[in-house]
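Chains as they are written, first to last, in our numbering: chain A, 1 to 286; chain B, 1001 to 1286; chain C, 2001 to 2286; chain D, 3001 to 3286.
Report on the structure given below.
Protein chains: 4
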Amino acid sequence: MDKHFFFIAFIFLPLTVLSRSRVVCDTVRSEILNADRHFSVYLPPSYDNECADKKYPVLYLLHGMSQTDMDWVYRGHVQEVADRLAYSGEADEMVIVMPDAGGDIYAGVWNGYFDMPGWSYEKYFFDEFLPYIERKYNIIGDKNHRAVAGLSMGGGGATGYGLWHSDMFSSVYAMSALMDIPEKGAAKFDRPDDKLAILTKTVMERSCICFVKEADDIILGKLRTVKWFIDCGDDDFLLDRNIEFFQAMRDAGVECQFRVRDGGHDWEYWHSALYMCLPFVSRNFK
Amino acid sequence: MDKHFFFIAFIFLPLTVLSRSRVVCDTVRSEILNADRHFSVYLPPSYDNECADKKYPVLYLLHGMSQTDMDWVYRGHVQEVADRLAYSGEADEMVIVMPDAGGDIYAGVWNGYFDMPGWSYEKYFFDEFLPYIERKYNIIGDKNHRAVAGLSMGGGGATGYGLWHSDMFSSVYAMSALMDIPEKGAAKFDRPDDKLAILTKTVMERSCICFVKEADDIILGKLRTVKWFIDCGDDDFLLDRNIEFFQAMRDAGVECQFRVRDGGHDWEYWHSALYMCLPFVSRNFK
Amino acid sequence: MDKHFFFIAFIFLPLTVLSRSRVVCDTVRSEILNADRHFSVYLPPSYDNECADKKYPVLYLLHGMSQTDMDWVYRGHVQEVADRLAYSGEADEMVIVMPDAGGDIYAGVWNGYFDMPGWSYEKYFFDEFLPYIERKYNIIGDKNHRAVAGLSMGGGGATGYGLWHSDMFSSVYAMSALMDIPEKGAAKFDRPDDKLAILTKTVMERSCICFVKEADDIILGKLRTVKWFIDCGDDDFLLDRNIEFFQAMRDAGVECQFRVRDGGHDWEYWHSALYMCLPFVSRNFK
Amino acid sequence: MDKHFFFIAFIFLPLTVLSRSRVVCDTVRSEILNADRHFSVYLPPSYDNECADKKYPVLYLLHGMSQTDMDWVYRGHVQEVADRLAYSGEADEMVIVMPDAGGDIYAGVWNGYFDMPGWSYEKYFFDEFLPYIERKYNIIGDKNHRAVAGLSMGGGGATGYGLWHSDMFSSVYAMSALMDIPEKGAAKFDRPDDKLAILTKTVMERSCICFVKEADDIILGKLRTVKWFIDCGDDDFLLDRNIEFFQAMRDAGVECQFRVRDGGHDWEYWHSALYMCLPFVSRNFK
Chain A
1 MDKHFFFIAF IFLPLTVLSR SRVVCDTVRS EILNADRHFS VYLPPSYDNE
51 CADKKYPVLY LLHGMSQTDM DWVYRGHVQE VADRLAYSGE ADEMVIVMPD
101 AGGDIYAGVW NGYFDMPGWS YEKYFFDEFL PYIERKYNII GDKNHRAVAG
151 LSMGGGGATG YGLWHSDMFS SVYAMSALMD IPEKGAAKFD RPDDKLAILT
201 KTVMERSCIC FVKEADDIIL GKLRTVKWFI DCGDDDFLLD RNIEFFQAMR
251 DAGVECQFRV RDGGHDWEYW HSALYMCLPF VSRNFK
Chain B
1001 MDKHFFFIAF IFLPLTVLSR SRVVCDTVRS EILNADRHFS VYLPPSYDNE
1051 CADKKYPVLY LLHGMSQTDM DWVYRGHVQE VADRLAYSGE ADEMVIVMPD
1101 AGGDIYAGVW NGYFDMPGWS YEKYFFDEFL PYIERKYNII GDKNHRAVAG
1151 LSMGGGGATG YGLWHSDMFS SVYAMSALMD IPEKGAAKFD RPDDKLAILT
1201 KTVMERSCIC FVKEADDIIL GKLRTVKWFI DCGDDDFLLD RNIEFFQAMR
1251 DAGVECQFRV RDGGHDWEYW HSALYMCLPF VSRNFK
Chain C
2001 MDKHFFFIAF IFLPLTVLSR SRVVCDTVRS EILNADRHFS VYLPPSYDNE
2051 CADKKYPVLY LLHGMSQTDM DWVYRGHVQE VADRLAYSGE ADEMVIVMPD
2101 AGGDIYAGVW NGYFDMPGWS YEKYFFDEFL PYIERKYNII GDKNHRAVAG
2151 LSMGGGGATG YGLWHSDMFS SVYAMSALMD IPEKGAAKFD RPDDKLAILT
2201 KTVMERSCIC FVKEADDIIL GKLRTVKWFI DCGDDDFLLD RNIEFFQAMR
2251 DAGVECQFRV RDGGHDWEYW HSALYMCLPF VSRNFK
Chain D
3001 MDKHFFFIAF IFLPLTVLSR SRVVCDTVRS EILNADRHFS VYLPPSYDNE
3051 CADKKYPVLY LLHGMSQTDM DWVYRGHVQE VADRLAYSGE ADEMVIVMPD
3101 AGGDIYAGVW NGYFDMPGWS YEKYFFDEFL PYIERKYNII GDKNHRAVAG
3151 LSMGGGGATG YGLWHSDMFS SVYAMSALMD IPEKGAAKFD RPDDKLAILT
3201 KTVMERSCIC FVKEADDIIL GKLRTVKWFI DCGDDDFLLD RNIEFFQAMR
3251 DAGVECQFRV RDGGHDWEYW HSALYMCLPF VSRNFK
């Protein structure tokens, strides 16, 4: 073998070192949704090397409207970010589960993380999907080692899951979250079968902001068992609702990190948010 | 028009605001290379709105080995980064020109920014490509408003262009640069027609490090008219050569910024480097 | 001279290189305030080296309640930050003027940047102080090369000066600004000679938020000639008023950067803000 | 109580919330050094609130030449940084111990963390000081919950302590470290009683770089049980020695983070380094 070959090999060695992680694309049959549902799973570098009984913390990472789980993989570059942060020690090795709760809504595909007429996604998520995932993969599977995050519609989903299932997650990281429908966006529902109209109506009914404002002491006590992080760009059209959510949490005495960074409602923001999200959820695994 | 529609429009409004920029894909005939050469050009948001005689500063942005100009567009997300930084004011609106000096070298395609037997790319770049670009697009076209940057092989290209054409550029930003061949990579040249062997030999002969170490006072005086920025990850296999280049510049009294950030030889590094590169070259346009 | 000495000298050489800047402490007689007023001036590294007619852009940097100009020097470390950013090129060399509009308010000393009964500070600032400073020091002295920034009471002062004297400043950077009195802080004015009560009343009457909300198109047109940056910590008790100011600006179509970083109402926040403030005002000098 | 008072109280409330931590200044009698030795201890916010048996991880934080422990307090602002990072969750609550191994060396005061003729500081540190501290304060006191960091001479001290006492520390963070004497600083020792000459000679004999280069597999195995972080500015006169140390570690297969940030050998660098250091050592407590 000549040295020339060695040079080539040497060039790609660092990539190889970091690339033992993998993203698995898989499907699960849902009786609740009466459909096969796609999902992607990031398995960290040591996943295949460790003996079978090593178990990992898990992050559920939710996409936005008209996106699917593949957007986190191809545009969010979740694998590259997670590999880097695990390598430098800034985040723990973890399993990252990306469910598919969307697709092109204008083409008539269901979108949304909450239960709505015709689409019981929340029930599916907690009764079918999550148990299936945590059986199939090497996941610790308790509140202390489970987090949820997401962007836009998925940021609202992550926040809602944290609010209504506070016994399930140790932390929530919401990016550019659809906490409610922005003031000017109140839709007229002239076509009751329109999936976007149904989604809009559901998001309004399940307003994260109202939930916190109306929460009693028992609920607030539960919310304080979760660590919260709200992250939204100064040019994001959803900013005001994120502000309101943060203020509601703060005024209710629920500790909540809040950041407004430079940016809009776009992938540059969400990709960079991963660099804060993965360390945050790692710090709160215990 | 119902409010529903308004909600949808509202969602995508911010994206629209930021997306008036465009990336043009074009081709130029080179007599020197006896070939049609592809290139991409980022035109900033105001480019098409301004009256025809508004002219912009220009950044030449060079890709790495076995890549093409399209990698900066599709994986470097250069348009999104440039839009964001121009919008927030952290970088100037500029034209970003991405030439193609590569492709799959293992499939027998030429790679490289310097002149080598059979591939006079440097001559092409300065005699044909750059003049053609600066005539065709609204570019100011003087040293004070022209910069060059690149990654890996293109980082070495950018550095070399800055060293040997210091009258042409106001600043150079080198990412993970191939400043020379790493120690262990000295190739044996048993196949003199092997394009990778020719590239390797040329990079060694045109070592950026040796050039600085051997530079006389007249050359050093010229190098001091350029602003330099060297940026390389702590896990990059090219780090040591970047250190040597920086040390040579510093010891020769040529002011040179140097950063070692967390990272390897990969797109996460180069993408994040754009957020430092575009403000840097902007600061040095005058 | 032995080598030993050389080692010692070598150790302090880098400090020397960066320390040619100086902070001048000076006093000016004010007829308006009928008092001698103290101030500090940062003169950049090249100030004393350049020929006498080199002129610099200027930043007016305002302190908070019960502080003085010396707090920016001793706790804000303004000299060290400005030296570093000028050395790396991230900010321009500029003159930084720190007026004294305070001292221990609980000890009966006047505080405040606006005109109030018994303390015509704004009149003093624009009629006496600023002209005096710009005559005495090598300052360009036009809107394009003049900026104002400040923290807390001085953040409100900087914002107010920008709003009411938009023809004077190219940019405003407000840190943890007292944009108005926070909701819960509405004071009862039982002692009309109480200087804190007078300050509180004046800040409420000169509310930056109300001014923007009530501004007509002519005023808004003027505000758009200034670049604005609002920076406030997520744990700051003044956050909500900063949010309201940003929202008022955005809704009025006045471009305004907004950041909420991790932090409270303290010097760690303000010191780190200088690293964003000086590059921001530099970008907007032209 | 009028509302006015409330406003004032409200203003200082956030500071109060964050300021329950304290810095204790204390002295210990050393038989080894035959002297009373000063030290400072940062006790985190919950320290006094928790029941007496709550124990904390500990960071030993070492100052530079001609400095004392007070410099970390007054110029490093260690309390403010530690409070902030604990409050936001980016670092654990920990006890931070700042020993005094210095003072004005030009006034004839001993400086240095290693044993040298007349100054057995390393023996004192491990045999007297550390056991005393960990008995007196609520410190867990095992390798997994003990870290060491420092700047300049103290960065070399921290690195040396990590190298020679790898069973004692889980992580080491070295800022602008005196890993060895810089090339040009080799002193002539014409006055054998000169404390700076003795310090210089000792640092050369205890070169961190040589130790790693000469380490056998058993030692390297021990070094791999520690997490390492080397952080040095691009304008620091000690940079080259830090590069050599990192390269030695990397080439010996000891995982080591390395950063070169913008900056020199000054407090702006060391203060900002705390924001990386405290999260780093926290991640490596387990």
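Note that CB positions come from ideal geometry on N, CA and C, so glycine has one too.
What residues in its chain sit with their C-beta under 7 Å from that of residue i, if we drop five residues either side in the sequence?
i: D:TRP3110; result: TRP3119 and LYS3195
i: D:ALA3075; result: At residue 3075 of chain D the sequence reads Arg, which differs from the Ala that was named. The residues are TRP3267.
i: B:ASP1104; result: SER1066
i: A:TYR124; result: SER30, ILE32 and LEU33
i: A:GLY155; result: ALA174, MET175, SER176, ALA177 and LEU178
i: D:CYS3208; result: GLY3156, THR3159, GLY3160, LEU3163, MET3179, ASP3180 and PHE3245
i: D:LYS3143; result: ASP3167, MET3168, PHE3169 and SER3170
i: A:ASP26; result: PHE39 and VAL41
What residues in its chain sit with their C-beta under 6 Å from that of residue i, if we drop five residues either side in the sequence?
i: A:LYS222; result: SER166
i: B:ARG1022; result: LEU1043
i: A:GLY157; result: LEU62, TYR113 and GLY150
i: B:MET1116; result: ILE1198 and THR1202
i: B:HIS1145; result: PRO1057 and PHE1285
i: A:TRP164; result: none
i: B:ASP1071; result: HIS1063
i: B:LEU1274; result: VAL1081
i: B:ARG1020; result: PRO1045
Going by the DSSP bridge assignment, what does residue i pair with across the sheet?
i: D:VAL3024; result: D:VAL3041
i: A:TRP119; result: A:MET116
i: A:GLN257; result: A:PHE229
i: D:ALA3035; result: D:SER3030
Tell me, to the nearest whole angstrom, how far the beta carbon of residue i is from that of residue j; I am working on the premise that it is less than 8 Å.
i: A:PRO99; j: A:ASP127; result: In fact, because the Cβ distance is near 13 Å, the residues do not count as touching under 8 Å.
i: D:HIS3077; j: D:HIS3265; result: Contact flag wrong, Cβ pair sits at about 18 Å.
Given residue i, which residues of its chain have a CB within under 8 Å of its CB, disregarding the five upstream and five downstream residues?
i: D:LEU3239; result: CYS3232, GLY3233 and VAL3260
i: B:VAL1226; result: GLY1162, SER1166, PHE1169, SER1170, SER1171 and VAL1172
i: D:VAL3095; result: VAL3041, TYR3042, LEU3043, PRO3044, TYR3047, TYR3056, PRO3057, VAL3058, LEU3059, TYR3137, ASN3138 and ILE3139
i: D:LEU3015; result: Because the pLDDT of D:LEU3015 is 46, which lies under 50, any placement of that residue in the model is unreliable, and the question is left without a value.
i: A:ARG206; result: PHE114 and GLY160
i: C:TYR2106; result: SER2066 and LEU2196
Minimum length 3: unbroken beta strand (DSSP E) runs contained in the segment 3165–3243 of chain D: 3171–3175 and 3227–3233
Could you name the residues of the segment 1064–1094 of chain B whose beta carbon sits closer than 8 Å to any beta carbon of chain C, in the order they occur along the chain? SER1088, GLY1089 and GLU1090
Given a limit of 9 Å on CB to CB distance, which residues of the segment 252–272 of chain A reach chain B? ASP262, GLY263, GLY264, HIS265, ASP266, TRP267, GLU268, TYR269, HIS271 and SER272
Mind listing which residues of the segment 1232–1244 of chain B have their C-beta closer than 8 Å to chain D's C-betas, in chain order? ASP1234, ASP1240 and ILE1243
Those runs of the alpha helix (DSSP H) which lie wholly inside the segment 45–105 of chain A and span at least 4 residues: 69–74 and 78–88
Could you run through the segment 1208–1229 of chain B and flag, in chain order, every residue whose CB is less than 8 Å away from some CB of chain C? LYS1227
Contained beta strand (DSSP E) runs [length at least 3] in the segment 1126–1152 of chain B, N- to C-terminal order: 1146–1151
Counting only Cβ-Cβ distances shorter than 9 Å, please list the residues of the segment 273–284 of chain A near chain D, keeping chain order. PRO279, PHE280, SER282, ARG283 and ASN284
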